[in-house]
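Per UniProt numbering, residue 1 is the first one in the sequence shown, and the count goes up by one each step.
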Amino acid sequence: MQASFIAKRSLASLRLQHGFFTTRCLHNTPAVYKKKSTVGIDDLFFDESSGNLFEDEVSTSMSTKQSSAPSASVPASLTSDITSTPKKKRLTYEERQTRYDELLAFVKPRLGRNPEVKPVKPHIRNSAWLQLVSLAETERQLQEIAELFPAWKDSGRELNATFSELFVRRCEELSCPKVAINVFGDYAKYNLKLTLPAARQLLHSVHLTEPREAYGMALLYSMYNLPEISKDLVSFSMLLTALFKENSKESTRLAKRFVPNLKQLVVGSGKNQQQQEEPVGTTSGQKEKWNTWLKWSLKKVDKALFVQNGLREEWLRDWRMRSGHILEPTRF
1 MQASFIAKRS LASLRLQHGF FTTRCLHNTP AVYKKKSTVG IDDLFFDESS
51 GNLFEDEVST SMSTKQSSAP SASVPASLTS DITSTPKKKR LTYEERQTRY
101 DELLAFVKPR LGRNPEVKPV KPHIRNSAWL QLVSLAETER QLQEIAELFP
151 AWKDSGRELN ATFSELFVRR CEELSCPKVA INVFGDYAKY NLKLTLPAAR
201 QLLHSVHLTE PREAYGMALL YSMYNLPEIS KDLVSFSMLL TALFKENSKE
251 STRLAKRFVP NLKQLVVGSG KNQQQQEEPV GTTSGQKEKW NTWLKWSLKK
301 VDKALFVQNG LREEWLRDWR MRSGHILEPT RF
């Protein structure tokens, strides 16, 4: 699959990328663990990996991007409940499927260089794509939507950053992040740009359940001219978590070699590094979500390094205390 191909290429990229890691290796002597450190690496990810820390709210209402008045050429039934606020009556599963099918039937014949429906009036709005993704309830439907992207490109149109981020989030909510990986792995075909918020969301969606796919994210960051994954604290902490999570000989070796990069990023940044590098237009909700991911990931990295070495990395513990991630130096 395309996703696996990206992962393999990125694993090689992680080994060879200039400046991505230093050649310093951590001490590999078997550690003498304290009583509470006899846990294996796998156990570090068992108790919390399926908890609520990683559950994002399902955003099915994109009313801020939609017009309150439906188009004359679109049945009113397509927009009445889709654009309603969460306080109003929610659609049943069957109603959502009906709306999805109706909207898809409206959009599909109006795409491409030579659309079936001519003249193409009114033009398809970007909000139609937001509605389609919000209404999708299965991996098959998200894949069906993705296969329309090339025709949208042929129409001379381009999907925006808002859609990109929603598409990734919906793929995570429906447990099919590989759909998004395949789309972003072939920009020439799908013409959907990966933004930093979308990249973080995509990395979050695979770093525990499909840790090997997380390697592919390093290549995607480069493809879309995003900050190097080793320069973005939120992203890099999740990548390290994925490497420790896989717990193979190679992934553990890579994780250890990346620790100096994490130290440089953390110690050299101060407490507010992630706030300074947030994209323009970042919302308070995004800030809170990213901080939660960072806090959780660095906790796992801190624990994993303790298990590996038998000692706490003081620079990481101290930074987590200064940042409010932990209240006592003896706690993780």
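Where is the CB? At the ideal position from N, CA and C, for every residue including glycine.
Hey, residue 180 and residue 166: beta-carbon distance below 8 Å or not? Position 180 of the sequence shown, counted from the start, is the residue given in the question as residue 180. Position 166 of the sequence shown, counted from the start, is the residue given in the question as residue 166. No, the pair does not count as a contact, with Cβ atoms beyond the cut-off.
For residue 327, does the count of other Cβ atoms within 10 angstroms reach 16, so buried, or fall short, so exposed? In the sequence shown, counting from the first residue as 1, residue 327 sits at position 327. By the neighbour-count rule (16 or more Cβ atoms within 10 Å), residue 327 is not buried but exposed.
Can residue 136 and residue 145 be called in contact, C-beta distance under 8 Å? Along the sequence shown, read from residue 1 onward, the residue named residue 136 stands at position 136. Along the sequence shown, read from residue 1 onward, the residue named residue 145 stands at position 145. Against a cut-off of 8 Å, the Cβ pair of residue 145 and residue 136 comes out as a contact.
Sequence-distant residues of the same chain with beta carbon closer than 7 Å to residue 96, five excluded per side: As a first step, residue 96 must be located in the sequence shown, where it is residue number 96. Closer than 7 Å at Cβ, skipping near neighbours: 135 and 137.
Distance, Cα to Cα, residue 275 vs residue 156? Start at 1 with the first residue of the sequence shown, and residue 275 comes out as number 275. Start at 1 with the first residue of the sequence shown, and residue 156 comes out as number 156. Because the pLDDT of residue 275 is 44, which lies under 50, any placement of that residue in the model is unreliable, and the number read from its coordinates should be weighed accordingly. Near 36 Å, if we compare the C-alpha coordinates of residue 156 and residue 275.
Can you look up residue 177 in the DSSP assignment and give me helix, strand or coil? Walking along the sequence shown from the start, residue 177 turns up at place 177. Residue 177: helix per DSSP, three-state reduction.
Where does residue 204 sit, in a helix, a strand or coil, going by DSSP? Stepping through the sequence shown from its first residue, residue 204 is reached at position 204. Helix.
What residues in its chain sit with their C-beta under 8 Å from that of residue 315, if we drop five residues either side in the sequence? Within the sequence shown, residue 315 is the residue found at index 315, counting from 1. Result list for residue 315: 263, 266 and 267, in chain order.
Ordered along the chain, which non-local residues of its own chain (more than five positions away) have a Cβ less than 6 Å from that of residue 318? The residue given as residue 318 occupies position 318 in the sequence shown. Nothing meets the Cβ criterion.
Whole-angstrom C-beta distance between residue 287 and residue 325, which should lie under 8 Å: The sequence position of residue 325 within the sequence shown is 325, counting from 1. The sequence position of residue 287 within the sequence shown is 287, counting from 1. Not confirmed; about 15 Å, so no contact.
Backbone CA spacing between residue 242 and residue 212 [nearest angstrom]: Along the sequence shown, read from residue 1 onward, the residue named residue 242 stands at position 242. Along the sequence shown, read from residue 1 onward, the residue named residue 212 stands at position 212. So the two alpha carbons sit approximately 7 Å from each other.
Skipping 5 residues on each side, what residues in its chain have a beta carbon closer than 6 Å to that of residue 308? As a first step, residue 308 must be located in the sequence shown, where it is residue number 308. Counting only Cβ-Cβ distances below 6 Å, and skipping sequence neighbours, we find nothing.
Coil, strand or helix - residue 146 by DSSP: Taking the first residue of the sequence shown as 1, we reach residue 146 at position 146. Three-state result, residue 146: helix.
Given residue 158, which residues of its chain have a CB within under 7 Å of its CB, disregarding the five upstream and five downstream residues? Working through the sequence shown from its first residue, we reach residue 158 at position 158. The residues are 191.
Roughly how many angstroms separate the alpha carbons of residue 217 and residue 261, rounded to a whole number? Stepping through the sequence shown from its first residue, residue 217 is reached at position 217. Stepping through the sequence shown from its first residue, residue 261 is reached at position 261. Distance between the alpha carbons of residue 217 and residue 261: 17 Å.
Assuming contact is defined by CB atoms lying nearer than 8 Å, are residue 224 and residue 254 in contact in what I supplied? The sequence position of residue 224 within the sequence shown is 224, counting from 1. The sequence position of residue 254 within the sequence shown is 254, counting from 1. No, these two residues do not count as a Cβ contact at 8 Å.
Range covered by the alpha helix (DSSP H) that runs through residue 101: Here the question's residue 101 lines up with position 101 in the sequence shown. 93-107 is the extent of the alpha helix (DSSP H) around residue 101.
What first and last residue would you give for the alpha helix (DSSP H) that runs through residue 258? Within the sequence shown, numbered from 1, the residue matching residue 258 stands at position 258. Start and end: 249-267.
Residue from 98, 244, 118 and 103 whose Cα sits closest to the Cα of residue 215: Translated into the one-based positions of the sequence shown, residue 215 becomes position 215. Among 98, 244, 118 and 103, the Cα nearest to that of residue 215 belongs to 244.
Given the structure, does residue 242 come close to the ligand ZN, in the sense that its CB is under 7 Å from one of the ligand's heavy atoms? This structure does not include the ligand ZN; it has no bound ligands of any sort.
Can you check which of these residues, 208, 310 and 139, is closest to residue 173 by C-alpha distance? Residue 173 sits at position 173 when you count from the first residue of the sequence shown. The candidate whose alpha carbon is nearest that of residue 173 is 139.
4-residue-minimum alpha helix (DSSP H) runs that sit fully inside the segment 209-244, ordered along the chain: 211-223
Can you tell me whether residue 322 is buried or exposed? The criterion is at least 16 other CB atoms within 10 Å of its CB, across all chains shown. Within the sequence shown, residue 322 is the residue found at index 322, counting from 1. Under this definition residue 322 is an exposed residue.
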